[in-house]
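The letter at position 167 of the sequence shown is residue 167 when you use this note's numbering, and the numbering goes up by one with no holes.
Yeah, the Cβ is synthetic: ideal placement off N, Cα and C, and Gly gets one too.
Take a look at the structure below.
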Amino acid sequence: MTGYIYQAVPSFFAQDDPLAEPDDIGALPPRFGLLDDSPDHWSTFKQKISQLNADAKDGAVYKVFYLGRHGQGLNNVAAEKYGMKRWNEHWAVLNGDGELVWGPDPLLSDVGEQQARDVHAAWEVEISNGVPLPGKVYTSPLTRAMQTNAITFEGLYSGSAPTTVILENCREYYGKFSSDKRQTRARIHANFPQFDFEEGFTEEDELWIPSERETEARVEVRARKVFDRVFDRDPETFISITAHAGVISAMMHVIGREGYYLPTGGDPNDSMNLEASQILKIPSEN
Numbered sequence: 001m002t003g004y005i006y007q008a009v010p011s012f013f014a015q016d017d018p019l020a021e022p023d024d025i026g027a028l029p030p031r032f033g034l035l036d037d038s039p040d041h042w043s044t045f046k047q048k049i050s051q052l053n054a055d056a057k058d059g060a061v062y063k064v065f066y067l068g069r070h071g072q073g074l075n076n077v078a079a080e081k082y083g084m085k086r087w088n089e090h091w092a093v094l095n096g097d098g099e100l101v102w103g104p105d106p107l108l109s110d111v112g113e114q115q116a117r118d119v120h121a122a123w124e125v126e127i128s129n130g131v132p133l134p135g136k137v138y139t140s141p142l143t144r145a146m147q148t149n150a151i152t153f154e155g156l157y158s159g160s161a162p163t164t165v166i167l168e169n170c171r172e173y174y175g176k177f178s179s180d181k182r183q184t185r186a187r188i189h190a191n192f193p194q195f196d197f198e199e200g201f202t203e204e205d206e207l208w209i210p211s212e213r214e215t216e217a218r219v220e221v222r223a224r225k226v227f228d229r230v231f232d233r234d235p236e237t238f239i240s241i242t243a244h245a246g247v248i249s250a251m252m253h254v255i256g257r258e259g260y261y262l263p264t265g266g267d268p269n270d271s272m273n274l275e276a277s278q279i280l281k282i283p284s285e286n
């Protein structure tokens, strides 16, 4: 069991409200959902986070996570085409239907690429307003997430930019569905040579099996390991993770929040979203 307790720090963002409706907030709310709309809102926010860390006691640490969901993938197009019931019961285990190819590891659709460009544009707006850029950037090893990450952060940094690191534990629920089986390490490197791999990243996908879907409990274990890694290794306060609805919802559970399923245009996997969360790490007494 981890030696840390993770807690969300409420009252900064609209998404913090336990009654918040993701569809009402939208995929890209102004200021990424920051409630403070004063002229110096990002500067004030950064100062408050710095003060929380300065005043922290007993080993507590505060970090801000920008959690981004990938844009629409070809698997999402197929799920919308057939409906979720037929998708889950039949089509998801196949690689395609003769028209669409969604497995293994599909690309973004044209809509998904545009959604990622929209997020890039939103970052540009917030940079002009002083948003703290992430000092550490992570992504899922699935292509739709890596494409989204690459489009989102390309050219945003005026100086030296952090290299995106691929984390196995940021991937979506694995098993059965062909869309959630990743490419080989060599193929990923060929397609995204600008990214780094975490240490120990295997050549083959050793987690995905055709007969069994990963459990919710297991996904939450992985989500916790992502937080453990970040708080153990990264001195940076502002962290970006590009991932998937399922694992992001698991991250919310780990920090004591209800799952926050990102807003959609109909299908639960159809839209891109960026959420910012402030997370407190406290050493456990256990």
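Leaving aside the five residues that flank residue 223 on each side, the residues in its chain whose CB is nearer than 7 Å to its CB run, in chain order, 247, 250, 251 and 254. By the Cβ rule, the segment 65-79 counts as touching the segment 112-127, because three or more pairs are nearer than 8 Å. In the DSSP annotation of this structure, the continuous segment of the alpha helix (DSSP H) that includes residue 227 starts and ends at 216-233. Of the candidates 93, 36, 178 and 192, the residue whose Cα lies closest to the Cα of residue 146 is 192. Only residues of its own chain outside the window of five on either side were considered, and among them 7 and 8 have a CB closer than 7 Å to the CB of residue 256, listed in chain order. Residue 243 sits in a strand when the DSSP states are folded into three classes. Under DSSP, residue 152 takes part in no beta bridge, so it has no partner. Setting aside the 5 residues that flank it on each side, residue 184 is surrounded in the same chain by 203, 204 and 205, each with a C-beta closer than 8 Å to its C-beta; the list follows chain order. The straight-line gap separating the alpha-carbon atoms of residue 236 and residue 136 is approximately 7 Å. Look at residue 213 here: in three-state DSSP terms it is coil, with no helix or strand label.
Under the DSSP definition of a beta bridge, residue 77 lacks any partner.
A residue is called buried once 16 or more other Cβ atoms fall within 10 Å of its Cβ, and residue 10, having fewer, is exposed. If you ignore the 5 residues before and after residue 167, its C-beta comes within less than 6 Å of the C-beta of 138 and 198, all in its own chain and listed in chain order. For residue 211, the number of other beta carbons within 10 angstroms of its own is below 16, and it is reported as exposed. Looking only at 143, 180, 240 and 165, the smallest Cα-Cα distance to residue 195 is reached by 165. Short of 7 Å from the beta carbon of residue 214, and not among the five residues preceding or following it, lie these beta carbons of its own chain, in chain order: 173, 174 and 175.
Nearest to residue 3 by alpha-carbon distance, out of 68, 225 and 181, is 225. Here residue 163 is exposed, its C-beta having fewer than 16 other C-beta atoms within 10 Å. Around the Cβ of residue 62, a 10 Å sphere holds 16 or more other Cβ atoms; the residue is buried. Buried is the label assigned to residue 79, since at least 16 other Cβ atoms lie within 10 Å of its Cβ. Distance from the CA atom of residue 116 to the CA atom of residue 241, rounded to whole angstroms, is 14 Å.
DSSP places residue 45 in the uninterrupted alpha helix (DSSP H) bounded by 41-55. Across the set 82, 107 and 105, the C-alpha of 82 shows the shortest separation from the C-alpha of residue 97. Taken through DSSP and simplified to helix, strand or coil, residue 175 comes out as coil. 41 is the residue among 258, 243 and 41 whose C-alpha sits nearest the C-alpha of residue 128.
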